[in-house]
């Protein structure tokens, strides 16, 4: 990870829910998207992602379903965001935006004074 | 792929979440590892290097298993309840048979052995069966707790026996043992026999009922 691991840990669920809101995805695909879209900034551990997905599934925010893969002999487990997951995403996104705005205000004010 | 079997087996044996769920998790991890393998091979790594890197990317089982276990707590709890239920179901009848065998081994005719008051013994069986079930359901995750339960049984029975001998106890299920084993040596034998029964029951549930899950997808 190229940054504070604790910071990512606190936001990983929001990132996962956001990815799943676009389309159902399987774990490996999510890691690829996360890394590509953040230009390599977010590199969640492989094992940690699956723990997160199982947690999200247990909380009813996503639902896992096996599907055949056209290019491979084995099936993949796709995660679909549930209605509860969409509400949770909206709430977390709002929280994050509030947090981010407040942080920016503090940092910019500090920056202006210095 | 067999390259990942040892790794998957480590995950599987560390996850007391029920055979079906454990197999499902392993299948998902296997699918992921294979995708990583292809990615690393296409980036120029040799097959062995790619296998090692794919496994390293997923993480040390000592770190991954606790994370997965926390994330699958519901399955873990369900497995513990299933084990408890099986123990409660199997414990009393097995205990009854052990009691009969014990009395008959000491020369009591079957007809007379059957006249003993068994409800208390069946209750004892339910207690030990329940303990065995819970221990078996958890032992892969909490081996020390499992061993503690197993070792606690003879100690607890000895304490019970002494309390009965000293007149502190009322008529209980262990009255049968007290009557049948009037000396300290016999009491020790009875307790060891009880502990062995407990372990055999625990082993049987583990071996035949909660056997390790097989992967849903056969290795290539």
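Protein chains in written order, with the working numbering: chain A, 6 to 119; chain B, 52 to 271. Glycine included, C-beta positions come from ideal geometry on N, C-alpha and C. Just so it is clear, the structure is predicted and the values come from calculations on it, not from any experiment.
Are the beta-carbon atoms belonging to residue i and residue j less than 8 angstroms from one another?
i: residue 135(B); j: residue 181(B); result: yes
i: residue 130(B); j: residue 67(B); result: yes
i: residue 55(B); j: residue 81(B); result: yes
i: residue 25(A); j: residue 90(A); result: yes
i: residue 29(A); j: residue 79(A); result: no
i: residue 93(A); j: residue 122(B); result: no
i: residue 82(A); j: residue 74(A); result: no
i: residue 36(A); j: residue 58(A); result: no
i: residue 19(A); j: residue 106(A); result: no
i: residue 120(B); j: residue 127(B); result: yes
Identify the continuous beta strand (DSSP E) that holds residue i and give its terminal residues.
i: residue 72(A); result: 67-72
i: residue 120(B); result: Counting along the chain, residue 120(B) falls outside any beta strand (DSSP E), though it belongs to the alpha helix (DSSP H) covering 112-122.
i: residue 85(A); result: 81-86
Have a look at the options and flag the residue whose alpha-carbon is nearest the alpha-carbon of residue i.
i: residue 14(A); options: 118(B), 95(B), 154(B); result: 118(B)
i: residue 147(B); options: 133(B), 178(B), 125(B); result: 178(B)
i: residue 32(A); options: 90(A), 114(A), 67(A), 88(A); result: 67(A)
i: residue 56(A); options: 100(A), 46(A), 44(A), 69(A); result: 69(A)
i: residue 49(A); options: 60(A), 113(A), 21(A); result: 21(A)
i: residue 112(B); options: 183(B), 184(B), 53(B), 57(B); result: 57(B)
i: residue 88(B); options: 149(B), 100(B), 78(B); result: 100(B)
i: residue 142(B); options: 157(B), 74(B), 183(B); result: 183(B)
i: residue 43(A); options: 52(A), 17(A), 62(A); result: 17(A)
i: residue 78(B); options: 133(B), 60(B), 144(B), 159(B); result: 60(B)
i: residue 86(B); options: 34(A), 108(A), 39(A), 100(A); result: 34(A)
i: residue 132(B); options: 185(B), 53(B), 73(B), 74(B); result: 185(B)
i: residue 53(B); options: 90(B), 73(B), 98(B); result: 98(B)
Which residue marks the beginning of the alpha helix (DSSP H) containing residue i, and which one marks its end?
i: residue 86(B); result: 70-93
i: residue 76(A); result: Residue 76(A) -> no alpha helix (DSSP H), and no H or E assigned at all.
i: residue 50(A); result: That residue, residue 50(A), is in no alpha helix (DSSP H); it is neither H nor E in DSSP.
i: residue 64(B); result: 56-64
i: residue 39(B); result: There is simply no residue 39(B) to check, as chain B begins at 52 and stops at 271 in what is shown.
i: residue 161(B); result: 161-164
Looking at the strands, I want to know which residues DSSP matches up with residue i.
i: residue 30(A); result: 84(A)
Am I right that residue i and residue j are in contact with their C-beta atoms under 8 angstroms? What's the rounded C-beta distance?
i: residue 106(B); j: residue 139(B); result: Not a contact, Cβ separation roughly 40 angstroms.
i: residue 76(B); j: residue 62(B); result: 7 angstroms
i: residue 164(B); j: residue 151(B); result: 5 angstroms
i: residue 102(B); j: residue 65(B); result: With a Cβ gap of about 20 angstroms, residue 102(B) and residue 65(B) do not count as contacting.
CB of residue i to nearest heavy atom of the ligand NAP: below 7 angstroms?
i: residue 179(B); result: The ligand NAP is absent from the structure shown, which contains no ligands of any kind.
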